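>
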Amino acid sequence: MASSKVGSIGEYIREQRTRAKISLRQLADVSGISNPYLSQIERGLRKPSAEILQQIAKGLRISAEALYVQAGILEDREADTDVQAAVRADLVLTERQKQVLLDIYASFLKENEASGVLGAELDVPAETAVPQEAGPEQAGPERKERKRSDDAGQQPS
């Protein structure tokens, strides 16, 4: 089973490198890992250490955590939402930017949970739940739009 993990991490790295449109040589340069060693990792011949994975992640501008999960160093988090996965997979954002976005997202989830978020009754994860009642700030713009359209339909007497 360990050899399949080694192969899968190599395949995953190659896939991420291809998506980022980075050559093996370019990745070697930015990550500080030799080209032959990277090639062996991608072909599943070598198992990279956590430090090497971190350097590769930095070179690919992806989450080191994602590589650790692929390599079997960390267990995948079940509660990861689509939003969190998308942020982690983004190739344009830096690791710092990703972490800031994830922190902000987590704070919004906690705020919604504290203010009574509907979700448990519908068997919906808290991350995707909706507020129980629409407050005036949520109903306001729609109400104003309807009123204006009603007024527009009336002819002056």
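Under this note's numbering, think of the first position of the sequence shown as 247, with each following residue one higher. Where is the CB? At the ideal position from N, CA and C, for every residue including glycine. Please read all numbers here as calculations on a predicted model, not as lab measurements.
Helix, strand or coil, according to DSSP, for K304 in the structure here?
For the purposes of this step, residue 304 is taken as the residue at position 58 of the sequence shown. In the structure shown, K304 sits in a helix (DSSP, three-state: H, G or I).
> Run through DSSP, which three-state label would D336 get?
Stepping through the sequence shown from its first residue, residue 336 is reached at position 90. Coil, per DSSP.
> From N281 to L270, what distance separates their C-alpha atoms?
Counting from 1 along the sequence shown, the entry for residue 281 is found at position 35. Counting from 1 along the sequence shown, the entry for residue 270 is found at position 24. So the alpha carbons of these two residues sit roughly 7 angstroms apart.
> What first and last residue would you give for the alpha helix (DSSP H) that runs through A266?
Position 20 of the sequence shown, counted from the first residue, corresponds to residue 266. From DSSP, A266 is part of no alpha helix (DSSP H); its letter is neither H nor E.
> Which residue from Q272, A310 and R260 puts its Cα closest to that of R289?
The sequence position of residue 289 within the sequence shown is 43, counting from 1. It is R260 whose Cα lies nearest to the Cα of R289.
> Using 8 angstroms for Cβ pairs, my map puts L299 next to Y314. What's the rounded Cβ distance?
In the sequence shown, residue 299 corresponds to position 53, counting from 1. In the sequence shown, residue 314 corresponds to position 68, counting from 1. Correct: roughly 6 angstroms between the Cβ atoms.
> Can you list, in chain order, the residues of its chain whose CB lies under 7 angstroms from that of G256, leaving out five sequence neighbours each side?
Taking the first residue of the sequence shown as 1, we reach residue 256 at position 10. Same-chain partners within the cutoff: I287, E288, R289 and G290.
> Going by DSSP, what residue range makes up the alpha helix (DSSP H) through I350?
Residue numbering aside, residue 350 sits at position 104 when the sequence shown is read from its first letter. First-last of the alpha helix (DSSP H) with I350: E341 to A360.
> Taking L306 and A266 to be in contact with their CB atoms under 8 angstroms, please state how far apart those CB atoms are, rounded to whole angstroms.
Residue 306 sits at position 60 when you count from the first residue of the sequence shown. Residue 266 sits at position 20 when you count from the first residue of the sequence shown. About 6 angstroms; that satisfies the 8 angstroms criterion.
> Nearest by alpha-carbon distance to I308: which of N358, K356, Q262 and S361 is it?
Indexing the sequence shown from 1 puts residue 308 at position 62. The shortest Cα separation from I308 among N358, K356, Q262 and S361 belongs to Q262.
> When we look at the beta-carbon of A331 and count the other beta-carbons within 10 Å, is it buried (16 or more) or exposed?
Against the sequence shown, residue 331 aligns to sequence position 85. Per the 10 Å Cβ criterion, exposed.
> On the CB-based measure, 16 or more other CB atoms within 10 Å of its CB, does T264 come out buried or exposed?
Here residue 264 corresponds to residue number 18 of the sequence shown, with the count starting at 1. Burial call: exposed.
> Quick check: the Cα distance between S295 and V276, rounded to an integer number of angstroms?
The sequence position of residue 295 within the sequence shown is 49, counting from 1. The sequence position of residue 276 within the sequence shown is 30, counting from 1. If you take the alpha carbons of S295 and V276, they lie about 18 angstroms apart.
> Can you tell which of K293, A335 and A310 has its C-alpha closest to the C-alpha of L320?
Stepping through the sequence shown from its first residue, residue 320 is reached at position 74. Considering only alpha carbons, the answer is A310.
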